[in-house]
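Numbering (my numbering), first residue to last: 323 to 624.
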Amino acid sequence: MQLNLADGTILSIDLCETHNFNWLESNFGRIFSVFDQQNSGNISFGCIRSNSERIFVKYAGARPSSFDGLPSDAVARLHRATTVYQDIQPHEHLLAMQMAFSVEETGGFVLVFPWLNRAECLHSHWVYPPPAKYEHPQSPYYRFRQLPLEQRLIALQAIFSFLEHVDRLDYVAIDFYDGSILYDFDLNTLKICDIDLYEKIPCRSAQPPWGSPRYLSPEELSGDSLLDHRTNVFRMGACAFGLIGGELDRSRLKWDASDSLYQIACRAIADHPRDRYTNATEFLYKWYQARETLKANSQSKQ
């Protein structure tokens, strides 16, 4: 579908059928970017308001070509997400929801967020699909993996801080993976986005489960067990392997950090939940303890 903007610009949106987007410019100003390759049923837009403020607008109600579900289901999920954001924000590393509303003309639903000018998604599959994600020098994931180990450990610490916050609020971080991580390479800061599908503990995984196989726990893949705090622990361990290890190759050879951190990450991703840490706080305590021990040993040798 082609979207004819007020300034004469034509934007292409990959849809199965035409859709009314007249409300978008009238509410949010000029559209400068479109993200239409998500399997959630959402389409997102970068917009510039009349005061030059840039915002990120997430919309459910259309039928993207990459989505094989019902628009009404996508609308219901996005509407439900408002409660998730209200429960979990604020957190310094969460991209906060600014507003939410229904679109009367279409029956759709909208969430609005601030636009991060320099932040880049670590799983930009629409630009760098694998293997380019891992090999192209401009890929955000590739560039992140070239950062010094300490810088990546600091980024992990920010992610773990957020996931512990989620865990303490009795939520499971459904659909968290590196596509949820926005990294600013100039400031070396990050934000977490797309918490729409987080669920209250206990819950069951959808089948097929939301998320990447690189981050999914065995209980999510099987659908046989309830998800709880130990599912979040698995997610934290999987994230560690994703950012300082070999993703699904969880061998010591692919691990960039110390043996002590490797052992903690391995316990976090144990196949059976009972063999993992009890919750995110316990995992984080062990992780910080190992980090502090390494720092102390390093300083004593200087």
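Ideal placement from N, C-alpha and C gives every residue a C-beta, glycine not left out.
Bridge-paired residues (DSSP) for Tyr505: One-based indexing of the sequence shown puts residue 505 at position 183. Looking at the DSSP assignment, Tyr505 forms a beta bridge with Glu442 and Leu512.
If contact is defined by three or more beta carbon pairs under 8 Å, each pair taking one atom from either stretch, is the segment 583–593 in contact with the segment 608–618? yes
Inspect the beta-carbon positions of Leu416 and Phe498 and report whether they are closer than 8 Å. Translated into positions along the sequence shown, residue 416 becomes position 94. Translated into positions along the sequence shown, residue 498 becomes position 176. Taking 8 Å as the Cβ cut-off, Leu416 and Phe498 do not qualify as a contacting pair.
Kindly provide the ranges of any beta strand (DSSP E) runs that are 3 or more residues long and lie completely inside the segment 411–461, ordered along the chain. 421–425 and 430–436
Are the CB atoms of Tyr381 and Gly430 within a distance shorter than 8 Å? Residue 430 sits at position 108 when you count from the first residue of the sequence shown. Residue 381 sits at position 59 when you count from the first residue of the sequence shown. Contact flag set, yes.
Whether or not the segment 544–562 and the segment 486–506 are in contact is what I'm after, with contact meaning three or more pairs of Cβ atoms, one per stretch, closer than 8 Å; do they touch? yes
Bounding residues of the beta strand (DSSP E) (the contiguous stretch that carries Leu392): In the sequence shown, residue 392 corresponds to position 70, counting from 1. Counting along the chain, Leu392 falls outside any beta strand (DSSP E), and DSSP gives it neither H nor E.
DSSP state of Gly559, grouped into three classes? Here residue 559 refers to the residue found at position 237 when the sequence shown is read from its first residue. Looking at Gly559 - three-state DSSP - the assignment turns out to be helix.
Going by DSSP, what residue range makes up the beta strand (DSSP E) through Tyr372? Locating residue 372 in the sequence shown gives position 50, counting from the first residue. Here residue 372 turns out to be Ser, not Tyr, going by the sequence shown. Neither: Ser372 is in no beta strand (DSSP E) and is coded neither H nor E.
Is there contact here, the segment 514–527 with the segment 557–575, by at least three beta-carbon pairs under 8 Å? no
Could you tell me if Leu535 is buried or exposed, where buried requires 16 or more neighbouring beta carbons within 10 angstroms of its beta carbon? Position 213 of the sequence shown holds residue 535. Here the sequence assigns Pro to residue 535, which means Leu is not the residue at that position. Burial call: exposed.
Coarse secondary structure for Phe343, derived from DSSP in three states: Along the sequence shown, read from residue 1 onward, the residue named residue 343 stands at position 21. Here Phe343 sits in coil by DSSP.
What does a CB cutoff of less than 6 Å around Leu616 pick up in its chain, not counting 5 residues either side in sequence? Here residue 616 is taken as the residue at index 294 of the sequence shown, counted from 1. Closer than 6 Å at Cβ, skipping near neighbours: Ser580.
Let me know the secondary structure DSSP gives Phe605 once reduced to three states. In the sequence shown, counting from the first residue as 1, residue 605 sits at position 283. Helix.
What number of angstroms, rounded off, separates the C-alpha of Gln529 from the C-alpha of Asn373? Your numbering for residue 529 matches position 207 in the sequence shown. Your numbering for residue 373 matches position 51 in the sequence shown. Straight-line Cα distance between these residues: approximately 44 Å.
Under 8 Å between the Cβ atoms of Gln359 and Trp448? Taking the first residue of the sequence shown as position 1, residue 359 is located at position 37. Taking the first residue of the sequence shown as position 1, residue 448 is located at position 126. It is a contact, given that the beta carbons lie within the stated cut-off.
Leu478 lies in the alpha helix (DSSP H); which residues open and close that run? Counting from 1 along the sequence shown, the entry for residue 478 is found at position 156. Residues Leu471 to Arg490.
Buried or exposed for Ile332, going by 16 or more other Cβ atoms inside 10 Å? Locating residue 332 in the sequence shown gives position 10, where the first residue counts as 1. Per the 10 Å Cβ criterion, exposed.
Report yes if the CB atom of Leu565 is closer than 8 Å to the CB atom of Arg474, and no otherwise. Indexing the sequence shown from 1 puts residue 565 at position 243. Indexing the sequence shown from 1 puts residue 474 at position 152. Taking 8 Å as the Cβ cut-off, Leu565 and Arg474 qualify as a contacting pair.
Take Ile377 and list the residues in its own chain whose beta-carbon comes closer than 6 Å to its own, dropping the five residues that flank it on each side. Numbered from its first residue, the sequence shown carries residue 377 at position 55. Only Cys369, Val434 and Trp437 meet the Cβ criterion.
Would Arg598 be called buried (16 or more neighbouring beta carbons within 10 Å of its own) or exposed? Reading the sequence shown from its first residue, position 276 is the one you call residue 598. Buried, by the Cβ-count rule.
Straight-line gap, Asn595 to Ile476 (C-alpha atoms, nearest Å): The residue you call residue 595 lines up with position 273 of the sequence shown. The residue you call residue 476 lines up with position 154 of the sequence shown. Looking at the sequence shown, residue 595 is not Asn but Pro. Spanning the two alpha carbons is a distance of roughly 27 Å.
Chain B beta carbons: is any one of them nearer than 8 Å to that of Ala441? Included in the structure is just one protein chain, with no chain B present.
In angstroms with no decimal places, state the Cα-to-Cα distance between Gly410 and Thr600. Translated into the one-based positions of the sequence shown, residue 410 becomes position 88. Translated into the one-based positions of the sequence shown, residue 600 becomes position 278. The sequence given here places Ile at residue 410; Gly does not occur at that position. Their Cα atoms are separated by approximately 21 Å.
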